[in-house]
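Contents: one structure, followed by commentary.
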Amino acid sequence: MIDIQSVQRWRKLFIAACLLALLAWTTLVTAVPALEHPVEHLGLVAIMACIIGRSWCSLYIGGRKKQEIVAAGPYSICRNPLYVFSFIGAFGVGALSGSLSVAFVFTLICWLVFRIVVAREEGYLTEAFGAPYQAYCARTPRFLPNPALWRDEAEVLIRPAFFVRTVRDGLVFLLALPLFEALERLQHLGWFDAILQLP
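If you want it as structure tokens, here you go:
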């Protein structure tokens, strides 16, 4: 049986390594001046949507991922809404560089990482829940939400500690703002030169 906690640890380590590599790459690029500030503002909006969306999802899943199939609220329209909001957050982090190109590269890398993670999680959930989980997979898209499938429950059991942890984890996305501002300042001070200008 697949250990979902080891999958989660692997995912976090891999994402951290990817972010460090992408951060190093962004020191070599600069944004188009006319687009820089609007793209940065778009990035902040995307990060806020990510934090709010991930927090909303956590109200439903509340640490129950390994105990039952959660198929209400955001999980009724998409099997992995937490990850979908993480894609939005990755876009936002990249957009804080001032470049839409960097934002799309960050999103693509995030999607590639989560495809691997989701495949492992789905293997675990198929082993754990069998036919009911397979039926859920058959009717619910993996990533692209289908609002027509929306269904909710009258009551949802909330685990405050899980919600708070999700909000705290989401706030990490905001660290990209001072980081990219510091990189931009170092570029202007001549510590390193950008070799590529990207829109």
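The numbering used here puts the sequence shown at residues 23 to 221.
Note that the Cβ used here is the ideal one computed from N, Cα and C, for glycine as well.
What is the DSSP secondary structure of residue i, counted as helix, strand or coil?
i, result
"Lys34", "helix"
"Trp174", "First, the residue type needs correcting, since residue 174 is Asp and not Trp in the sequence shown. Asp174 falls in the coil class under three-state DSSP."
"Thr129", "helix"
"Arg161", "helix"
"Glu90", "coil"
"Leu179", "coil"
"Cys100", "coil"
"Val54", "coil"
"Gly152", "coil"
"Ser108", "helix"
"Gly95", "coil"
"Ser77", "helix"
"Ser121", "coil"
"Pro167", "coil"
"Gly65", "helix"
Quick one: Cα of residue i to Cα of residue j, how far?
i, j, result
"Val67", "Val194", "15 Å"
"Tyr105", "Arg137", "10 Å"
"Gly111", "Ala183", "22 Å"
"Ala117", "Tyr82", "29 Å"
"Ile91", "Phe151", "8 Å"
"Val135", "Ala38", "11 Å"
"Val124", "Ala71", "19 Å"
"Leu205", "Tyr155", "45 Å"
"Phe128", "Pro163", "22 Å"
"Arg86", "Cys159", "17 Å"
"Gln89", "Arg173", "20 Å"
"Arg207", "Leu130", "27 Å"
"Trp213", "Phe126", "26 Å"
"Thr188", "Arg181", "11 Å"
"Thr148", "Ala157", "10 Å"
"Ala153", "Arg161", "12 Å"
"Val54", "Arg31", "37 Å"
"Tyr97", "Pro169", "11 Å"
"Phe113", "Lys34", "17 Å"
"Leu196", "Gln209", "21 Å"
"Val140", "Pro200", "31 Å"
Mark residue i as exposed unless 16 or more other C-beta atoms lie within 10 angstroms of its C-beta, in which case mark it buried.
i, result
"Val186", "exposed"
"Gly65", "buried"
"Pro60", "exposed"
"Ala93", "buried"
"Ala198", "buried"
"Glu175", "exposed"
"Glu62", "buried"
Compute the beta-carbon to beta-carbon distance between residue i and residue j, rounded to the nearest angstrom, for a pair I have assumed lies under 8 Å.
i, j, result
"Phe202", "Ser108", "Going by Cβ atoms, the distance from Phe202 to Ser108 rounds to 19 Å, so no, they are not a contact pair."
"Ile69", "Val115", "7 Å"
"Gly95", "Leu179", "Contact flag wrong, Cβ pair sits at about 12 Å."
Counting pairs of Cβ atoms below 8 Å between the stretch 180-197 and the stretch 70-90, do you hit three or more? yes
Could you say if the stretch 135-147 and the stretch 90-105 meet the contact criterion of at least three C-beta pairs nearer than 8 Å? yes
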